[in-house]
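Enquirer:
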Amino acid sequence: MKIIRFVRAAFVMLALAALAGAMAVSPAAAKPLPTIVLVHGAFADTTSWDGVAANLRGRGYPVVVPDNPLRGPGYDAAAIEKTLGGISGPVVLVGHSYGGAVITNTHNPNVKALVYVAAFAPAQGEPVALALDPIRFPGSQLLPPALQMKVVDDAHAFGGKNLDAYIADSSFHKVFAPDVSDATAATMLAHQKSLAVWANLEPSGPTSWSSTPSWYLVSANDTVIPPAAQRFMAGRIGAHTSEVQASHVALVSQPGVVADVIAAAASS
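All the letters of the sequence shown, read from the start, carry residue numbers -24 to -1, 1 to 244 under mature numbering (1 follows the signal peptide of the UniProt record, and there is no 0).
This is the structure:
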């Protein structure tokens, strides 16, 4: 009988220990990963994030890649906020290039971290064009004849027309994406979306980075937004800053490095 009682007591103790361990582990295991929202920049579309999105999904993160209208920081931020409104739980909001100006003007309480990838991070009242000031930050090749203008149909503009900027076919690979293959550059060119000229001139609104932790990945070989401008903006917003030896499109040429920075922000 003593042996039976001993075995029963030992069994109860083991069961209680297993239950306690399960209770200790379950909350952490059940904690959902944040949703990663990737906002593309000018002269690109959602496909520019394909490599990064696939990498992050492979790590278990839910990823959303909304369309950025490229009409101006205020208008575009409102479009991204509609996407964020449909997401429950924490969000890491990521912007590439002009997409950085958009996430700077986006405000949603679920956004727990911001990630800038070779991106504009304007202060309140600043247009993104200030970061391309050739006196303070020389080196951008995003100038005519590489940069071209055209009149486009735009239902949201006065008179239904707008003046947009785009990169000439002959300059796209060299200026925008010099570190990708010819085939990849051709695919990117086929997906190029033009940017309203006004988007570069519109003063930025209240900044999301003022109250949200931020990360910044500088592209050290960028010929669109000079690296000096990127470092200045990263320092000004107090971002966790790292660098990659890549062109303006590190998200395409080195998606794993970009995904690592986003994952670091997501796990902070």
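Virtual Cβ for every residue (Gly too), placed ideally from N, Cα, C.
In chain order, what residues of the same chain lie with their CB nearer than 6 Å to the CB of His149, ignoring the 5 residues before and after it?
Expert: Ala161
Enquirer: By the 10 Å Cβ neighbour count, where 16 or more other Cβ atoms means buried, how is Ala89 classified, buried or exposed?
Expert: buried
Enquirer: Distance, Cα to Cα, Lys58 vs Pro49?
Expert: 14 Å
Enquirer: Any heavy atom of the ligand GDP within a distance shorter than 7 Å of the CB on Asp43?
Expert: Only the bare structure without any ligand can be found here, which leaves the ligand GDP out of the picture.
Enquirer: What are the start and end residues of each continuous alpha helix (DSSP H) run of 4 or more residues lying completely inside the segment 91 to 166, in chain order?
Expert: As far as the segment 91 to 166 is concerned, its whole alpha helix (DSSP H) runs of at least 4 residues are 158 to 166.
Enquirer: Inspect the beta-carbon positions of Ala97 and Trp185 and report whether they are closer than 8 Å.
Expert: Closer than 8 Å, so yes.
Enquirer: Using three-state DSSP, classify Tyr51 as helix, strand or coil.
Expert: helix
Enquirer: Write down every uninterrupted run of the alpha helix (DSSP H) in the segment 57 to 88 whose length is 4 residues or greater and which is fully enclosed by it, in chain order.
Expert: 75 to 80
Enquirer: On a CA-only basis, which of Gly214, Ser244, Met209 is nearest Ala94? Give me that one, please.
Expert: Met209
Enquirer: Going by DSSP in three states, Leu177 sits in which element: helix, strand or coil?
Expert: Looking at Leu177 - three-state DSSP - the assignment turns out to be helix.
Enquirer: Out of curiosity, what's the CA-to-CA distance linking Asp109 and Pro8?
Expert: 42 Å
Enquirer: Please classify Leu227: is it buried, with 16 or more other beta-carbons within 10 angstroms of its beta-carbon, or exposed?
Expert: That one is buried.
Enquirer: Please state whether the Cβ-Cβ distance between Ser73 and His224 is less than 8 Å.
Expert: Result yes, Cβ atoms of Ser73 and His224 sit closer than 8 Å.
Enquirer: Do three or more CB pairs link the segment 186 to 193 to the segment 152 to 172 at distances below 8 Å?
Expert: Judged by pairs of C-beta atoms under 8 Å, the segment 186 to 193 does not touch the segment 152 to 172, as fewer than three such pairs exist.
Enquirer: Could you check whether the segment 167 to 179 touches the segment 129 to 146, counting it as contact only if at least three pairs of C-beta atoms, one from each stretch, sit closer than 8 Å?
Expert: Judged by pairs of C-beta atoms under 8 Å, the segment 167 to 179 touches the segment 129 to 146, as three or more such pairs exist.
Enquirer: Does the distance from the CB of Gly101 to the CB of Ser180 come in under 8 Å?
Expert: yes
Enquirer: With distances taken from CA atoms, which of Val128, Ser218, Ala204, Asn81 is nearest Tyr51?
Expert: Asn81
Enquirer: State the beta-bridge partners of Val228 as determined by DSSP.
Expert: Within the DSSP secondary-structure output, Val228 pairs in no beta bridge.
Enquirer: Return the CA-CA distance between Leu118 and His132, expressed in angstroms with no decimal places.
Expert: 26 Å
Enquirer: For Gly36, I'd like the list of residues in its chain whose CB is within less than 8 Å of its CB, leaving aside the five on either flank, ordered along the chain.
Expert: Leu9
Enquirer: For a test of the three-state rule: what should DSSP assign to Thr23, helix, strand or coil?
Expert: helix
Enquirer: Quick check on DSSP: helix, strand or coil for Leu9?
Expert: Of the three classes helix, strand and coil, the one that applies to Leu9 here is coil, per DSSP.
Enquirer: Figure out for me which residue from Ile12, Arg47, Ala240 has the closest Cα to the Cα of Asp130.
Expert: Arg47
Enquirer: Report the CB separation of Leu32 from Ile12 in whole angstroms; it is logged as a contact under 8 Å.
Expert: 5 Å
Enquirer: Can you give me the start and stop residues for the alpha helix (DSSP H) that Arg212 sits inside?
Expert: 203 to 212
Enquirer: I'd like to know whether the C-beta atoms of Ala107 and Ala205 end up nearer to each other than 8 Å.
Expert: At the C-beta level, Ala107 and Ala205 come within 8 Å of one another.
Enquirer: Find out if the Cβ-Cβ distance for the pair Leu151, Val200 is shorter than 8 Å.
Expert: A small correction: the amino acid at residue 151 is Val; Leu does not occupy that position in the sequence shown. Yes, Cβ-Cβ distance for Val151 and Val200 is below 8 Å.
Enquirer: Just verifying my parser: in three-state terms, what is the DSSP assignment at Pro3?
Expert: Any answer about Pro3 is weak, because its pLDDT of 42 lies below 50 and its placement is not dependable; what the coordinates show is given next. Of the three classes helix, strand and coil, the one that applies to Pro3 here is helix, per DSSP.
Enquirer: For Ala235, does the three-state DSSP call read helix, strand or coil?
Expert: Of the three classes helix, strand and coil, the one that applies to Ala235 here is helix, per DSSP.
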